[in-house]
Structures are given as structure tokens and as C-alpha cells.
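When we follow the working numbering, the leftmost residue of the sequence shown carries the number 2, and every step to the right adds one.
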Amino acid sequence: MKKQNVALLTGRWDTYPQQTTKLTMAAELNRMLKPALRSFLMERGMTVSDYSVQQLRELAFKAVELDLPVISTPDDTVSFLQFRSTVVVNGEKVTFPTVFQCDQKGWTDDLKNIPVFSMADAFAYLVSYAKWTPSRLRTYKNERGFRLSKSNHISSAESFNLPHEHFYIKASCIRETSQKADPYMTWCLVNSEGVCISAGCHCTADDGGCKQVVALLFCLANWSDRHIDRNTETCTDTKCGWDIPRKVSVPMKLDSIEHSVNSRVQPFEHVYDPINRDDNMSDVEFETGLHNLIQGHDTQIIEVLYKSEDSLTMPKSIIESAEDFLENSSFLEYL
């Protein structure tokens, strides 16, 4: 792989030739994606949280302009996971295996043993550990993590029993940007009282408070609220699994999609007067009745059915004349 391509993917510019100019670096920054821009800035000691791609790119241009050197920092991923797996029990620190080190056979989708987790527990974690401000907490329904939870992006939840009555809970979170990509593995560590001690995600911005973690906590609180009475079951062998459906996108053929459009103008029942035209009704009578029905409404058919004076002076038919014939009277007027 060319060194330029390596830099685009990793954001590491020490792979570039020494003669690389600022102009070339600026041109390559325009082609960088968000993960590479984040790596480029973090290697120079700059903060990258809560920035859009355009903002990250502007910061990268400033870093190139100022010739900020690369700060060699050790990879603290493992130590950060161990820190989040450490709890205090009876005044002593206990370090559990990380969520990635737990035996796969110990995970179960039967969640009946996990403690009750409420929205208050979720808010307490977000304020204490994720550093949510009071204003952000008041508008939590506008958060992307909350919207992910309502859109059923969290699925396949499992639990792992730890010593000292602690539990790992992990789930899959469908990516917000690409549903076809592999979902993120999101997890949290709770104790027997339902207090969330730590949380994390398999995403790039694994800081314990990403939108995937927020979605997991809100989904867990919602699920726990709906199963609050599960311990009253008479049969203790009843499985209590994750019943929130997963968000899926299934393609369909165009012919299989039902499409219906409601009429923009609804009929008025108080003016509905059906006319049954039988064989004894003449055309003139039918048109006259239709004219009287639609008279006063804004429609073009009224011009066709205009009731002129000529229609009132039309000669009567033989049948109509016979109906008007009176016994013992003269019929000369009908001749």
C-alpha cells in the first residue's frame, strides 16, 4: 500500500516522505474521513469530541499551519477497559475481567437475574460519569442516543454474572449511519442495586458516554420498567428475554408495496341525496334533478346542465299529455 493511502486511513503523517509540503498535506486533509481526522488531531494533543467532520478538518488545517508535532502517546485502550472494570467492594478494589475477556459460555440471554434499572439510574450515570449538564438532561429526548433507543437500534441483549453481585450487560447497536455495517457491541456494568458503574462501546469514540451507550441505558430502563413484576412469577424457570424488536430494513419489490391515497375532498353526508333513475324517468327529469342537486356548488358540470328557459317551454310528450288529460274535458288543446 502506498504511504499516501496509509496516511489517509490512519491519519499518521510519519509514514509520509520528509519532503512532503504543507500544500500536499492540506490537499490530503480534504480527502480524509472522520476517523483519520480524529487520529490526526489526537496525535497532536488536540480534543476531538463533539466536532463535525468540517470542524475537524478546519482544526487539522490549523495544526498543519502551526506545524504541531506528533506527540507519541501509548495506547491506553487496555488500561482504560481495566479501569472501567474495577469496583470497590467493602473498601477494597476488585478488578473484574473486561467485557471482552469474559468466557462466551457465561453469557446468557435470560435476563431475569439482572437488577431493576430505572430512568433515574440512567440519569445518575449520565450526570456523574458522562458529564451531562442539567440543561442537556432536561432535553434528553432530543439526544441522538434517545432517538436510537426509540428506533429499536438496540437488540440481542445478554448478561454475565460477576462476583460480588455485579453484572455485565451487553447488546448490539445498529449503526445510525449504516444499517448494513456490523453493529456495535455496547455494554454496561451494574451492581445488585441497579447502579450503573461504567459503560463502553466498540465504536471509535469509546468514552463511556457515546450515543450507543445512551441508547443502551434508555432501552434497559424501558425494558426493566415493563418487566418490573417479573419476580412475582410463580414459575421461576420462566425465561425473561429481550423482547424489544430489532430495527431491520427489508427491501421489497415495487409491485409488493401497498400504496393508497386518501381523497382530499371528503363527501358531505348532509347533502347526499341519491337519485335512483328508473325506466319511467325521462332525460329532462333526470337532468333537472341533477341540476337541482349540484346547484350552488362550484363545478363545471353546472354549465352543461344549465336550466334555460327553453327547457321550460319544451312541448310535452304524448305520455305527459295523456297524464294531464282530464275526463269530460276538451282535448283540442293537445292536438
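Backbone N, C-alpha and C define an ideal beta-carbon position, used for all residues, glycine too.
Rounded C-alpha distance that separates residue i from residue j
i    : j    : result
M120 : L255 : 42 Å
D238 : K35  : Below a pLDDT of 50, predicted positions are generally treated as unreliable, and D238, at 46, falls in that range; the measurement from the model is reported next regardless. C-alpha separation (whole angstroms): 48 Å.
L60  : R45  : 11 Å
C204 : E259 : 38 Å
C236 : R176 : Low local confidence applies: a pLDDT of 38 at C236 is under 50, so the model's placement there is unreliable, and no value is given.
A27  : F62  : 7 Å
P252 : P70  : 49 Å
H154 : R32  : 30 Å
I72  : E29  : 20 Å
V65  : Y52  : 18 Å
A206 : I170 : 19 Å
E194 : K151 : 25 Å
F147 : T25  : 41 Å
D226 : F118 : 8 Å
N192 : V89  : 11 Å
N223 : W133 : 20 Å
T1   : T187 : An answer regarding residue 1 cannot be provided, because it is not within the stretch 2 to 336 covered by the chain.
T78  : M43  : 14 Å
N91  : R85  : 18 Å
T48  : L67  : 16 Å
CB of residue i within 8 Å of CB of residue j, strictly
i    : j    : result
A131 : G209 : yes
A172 : L217 : yes
L149 : C174 : yes
L38  : L57  : yes
F41  : I115 : no
V54  : D122 : no
In DSSP terms, what residue i is bridged to
i    : result
N192 : H167
I155 : C174
T339 : The structure shown does not extend to residue 339, since the chain spans only 2 to 336, so no value can be given for it.
C197 : V191
M33  : Beta-bridge pairing links M33 to no other residue.
S338 : There is no way to answer for residue 338, as the model of the chain reaches only from 2 to 336.
M186 : S173
C202 : T187
Residue i, buried or exposed, once every other Cβ within 10 Å from all chains shown has been counted against 16
i    : result
A200 : buried
F97  : buried
F219 : buried
R145 : exposed
C202 : buried
E93  : exposed
I295 : exposed
L345 : The requested residue 345 does not occur in the structure, where the chain is confined to residues 2 to 336.
E159 : buried
T178 : exposed
Cutoff 8 Å: residue i Cβ touching any chain D Cβ
i    : result
R137 : Any reference to chain D falls outside this structure, which holds one protein chain only.
Note to self: Using a Cβ distance threshold of 8 Å, determine whether the stretch 197-214 contacts the stretch 104-112, with at least three qualifying pairs required.
What the structure shows: no
Checklist line | the stretch 84-100 in contact with the stretch 159-175 per 3-pair CB rule at 8 Å | finding: yes
Check: Quick check: the stretch 131-140 against the stretch 181-197, are there 3 or more CB pairs under 8 Å?
Finding: no
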